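Right, one structure below, let's go through it.
2 protein chains.
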Amino acid sequence: MAKLTHPYSRYSLDAVVLLGQLIRRARIERKITAGELADRTGASRGLIHRIEKGDPGCAIGAVFEAAAIVGVRLFDADKATLENTISTNKATLALLPKAVRASKIEARDDF
Amino acid sequence: MAKLTHPYSRYSLDAVVLLGQLIRRARIERKITAGELADRTGASRGLIHRIEKGDPGCAIGAVFEAAAIVGVRLFDADKATLENTISTNKATLALLPKAVRASKIEARDDF
DNA sequence: CATTTATGTATCATAAATAGAACATTAGTA
DNA sequence: TACTAATGTTCTATTTATGATACATAAATG
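For the record, the sequence lines run as chains A and B. For the first sequence, my numbering gives the first residue as 1, with consecutive numbering after it. For the second sequence, my numbering gives the first residue as 1001, with consecutive numbering after it.
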C-alpha cells in the first residue's frame, strides 16, 4: 500500500479491482498460468496474485505490463495510437500555462 | 521502480506516461496546483510530480486517486457502472476454471 | 479416485517508494 | 519590472512493496 495520508476513495479502489479482474479473466481465457504470466512480466507470482486481487499498492508499471501481456488494452488503443496521443498531448501541454495560480475555491470529492 | 527482472515494454511505459499527461492536463485546466492535488490525494507533492511525469514505479492506487480527483475517468465509467462491471465480472470469473493447465505454447511479446 | 499441477498464503530479507524538508528556478500577476 | 507563488529537484529517514521460498489447499486430468 502506498503511504497516502488519507484512505483511498471507493472509486479508485474499484478501478484497481476491476483492472485486476480483467487481467485475471484474460489470463485464464488464454490458458496462461499465474507462474507463466509472472515470468513473462518479469514479476514474481506473488505480485501477479496481488495485481489480480486489486492491491492498490502495486506499481502501476507492473500492472500495465501484466495487462499488456494478457491482452488487456489500456485506453483501448494500440501502440501507434498511444504514441500519437502522447505527442499530441505534449503539444497541448506546451500551450497550457506551466503554473497555476491557486483559486482554492472549487472542491470535488463526490466521485 | 518496481523490481521487475526484465525491462518494461514500450507499450506499458507509454500508457503510464499518457495517464500522467492526462492528469496534469486536467489539473491545469481546472486550475488546481500540484500542492493542492497532493493534499486532496493524500500524497506528497513529489509523488504528484512523479505521477504526472509517468513514473512506472508509482503505486497504482495513488495514480488512480489523483486521476479521479482531477476528473480523469478510468475505463470511462462512473462509480455505479464500475460497481456493476465488477460484480458481473465476479460472476463470470466464478464460471471460468479456477486453475489453468499450462499449454506453454502461444507467446505474444509483440505489443 | 489418484496424481499432478496450479493456486492461495505466509514469512523474511532486501530493494524501492514515499514523505518531508529545503532550495533553486520558473512563471504568473500586479 | 518587481513580487509572489508554483514548480522542479535533491536529500535523508522511514515505510512499504517485492522476490524468494516454503507450504497447504484446491482443482484439473487421466
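Backbone N, C-alpha and C fix where the C-beta goes; we use that ideal spot for every residue, glycine too. Since we're looking at a predicted model, the values are computed, not measured.
- By the neighbour-count criterion, in which a residue is buried when 16 or more other Cβ atoms sit within 10 angstroms of its Cβ, alanine 1043(B) is buried.
- Any Cβ of chain A closer than 9 angstroms to the Cβ of isoleucine 1048(B) would place that residue at the interface, and such an atom is absent.
- Residue burial is scored here from C-beta neighbours: threonine 1088(B) has fewer than 16 other C-beta atoms within 10 angstroms and is therefore classed as exposed.
- The continuous stretches of alpha helix (DSSP H) do not include arginine 1030(B), and DSSP gives it neither H nor E.
- Proximity of alanine 94(A) to chain B, defined by a Cβ-Cβ separation below 9 angstroms, is not satisfied.
- Nearest Cα to glutamate 83(A) within the set Ser1009(B), Ile1028(B) and Asp1014(B): Asp1014(B).
- Taking every protein chain shown into account, the CB of proline 97(A) has fewer than 16 other CB atoms within 10 angstroms, so this residue is exposed.
- A Cβ-Cβ distance of about 5 angstroms is found for the pair arginine 1045(B) and alanine 1034(B), placing them in contact under the 8 angstroms criterion.
- Within the segment 1020 to 1049 of chain B, the residues whose Cβ lies closer than 9 angstroms to some Cβ of chain A are Gln1021, Leu1022, Arg1024, Arg1025, Arg1027, Ile1028, Glu1029, Arg1030, Lys1031, Ile1032, Thr1033, Ala1034, Gly1035, Glu1036, Asp1039, Arg1040, Thr1041, Gly1042, Ala1043, Ser1044 and Leu1047, listed in chain order.
- Interface criterion not met: the Cβ of lysine 53(A) is under 9 angstroms from no Cβ in chain B.
- Short of 7 angstroms from the beta carbon of glycine 20(A), and not among the five residues preceding or following it, lie these beta carbons of its own chain, in chain order: Ile51, Glu52, Lys53 and Gly54.
- Under the criterion of beta carbons closer than 8 angstroms, alanine 26(A) and valine 72(A) qualify as touching, at roughly 5 angstroms.
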